[in-house]
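K.L.:
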Amino acid sequence: MTPRRLLRIAAILTFLYFLGHSAGAPWTPSPGGESETLVGLMKSFHFDVFGSSRTYWDFYLGFGLILSVAQLLESVVLWLLGGLAADSPARAWPFVLVFFAASLFQLVLVVRFFFLPPIVLNVALALCLALASWAGRPRTAAAGA
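Next comes the structure, spelled out in structure tokens:
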């Protein structure tokens, strides 16, 4: 499979990740009961941050939304990177490596802190990026001889 196709698949997986994450907002485990009590406490405790009054809920919701934006951006960049990989694999390769390394770090965090659907998406994403990196790696003249 070509680096372009693998990167486009990675872009689609990341877009699915974005959709799933965004659809889960506000990311509370279950309505009612203890979750509602905890969310209420997060919303009720205000503190000053550089002259702005904020709550833990503000940070929780804000970081969740920022993550959604970052996932959408990653999806777009991977799609565009697929085009670059088709035209100039050697120029795309360092970027693919960076995305692959980031996906491995993210996979460790997702396994540690989350649950099955994001783990599956992260494994598939890391695999696509690993294969794209391998398929698009620069080849030396000596290796081809």
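Numbering (the numbering used here), first residue to last: 529 to 673.
Cβ atoms here follow ideal geometry from the backbone N, Cα and C, with glycine treated the same way.
Along the alpha helix (DSSP H) that carries threonine 542, what are the first and last residues, could you check?
P.N.:
From DSSP, the alpha helix (DSSP H) with threonine 542 extends over 531–551.
K.L.:
With burial defined as no fewer than 16 other Cβ atoms inside 10 Å of the residue's Cβ, what is the status of histidine 574: buried or exposed?
P.N.:
Per the 10 Å Cβ criterion, exposed.
K.L.:
For arginine 619, which three-state DSSP category applies?
P.N.:
The answer is helix: DSSP assigns arginine 619 an H, G or I state.
K.L.:
CB-CB under 7 Å to valine 605, same chain, minus the five flanking residues each way: which ones, in chain order?
P.N.:
Hits under 7 Å: none found.
K.L.:
Cα-Cα, which of Ala654, Ala613 and Phe642 is closest to leucine 632?
P.N.:
Considering only alpha carbons, the answer is Ala654.
K.L.:
DSSP three-state call for phenylalanine 575: helix, strand or coil?
P.N.:
Strand, per DSSP.
K.L.:
The alpha helix (DSSP H) that contains serine 661, what's its start and end?
P.N.:
Serine 661 -> alpha helix (DSSP H) spans 644–663.
K.L.:
Three Cβ pairs or more, each shorter than 8 Å: is that satisfied between the segment 531–545 and the segment 659–666?
P.N.:
The segment 531–545, when compared against the segment 659–666, does touch it at the 8 Å Cβ threshold.
K.L.:
Please tell me whether proline 557 and proline 617 are closer than 8 Å, where the distance is taken between their beta carbons.
P.N.:
In this structure, proline 617 does not lie closer than 8 Å to proline 557 by Cβ.
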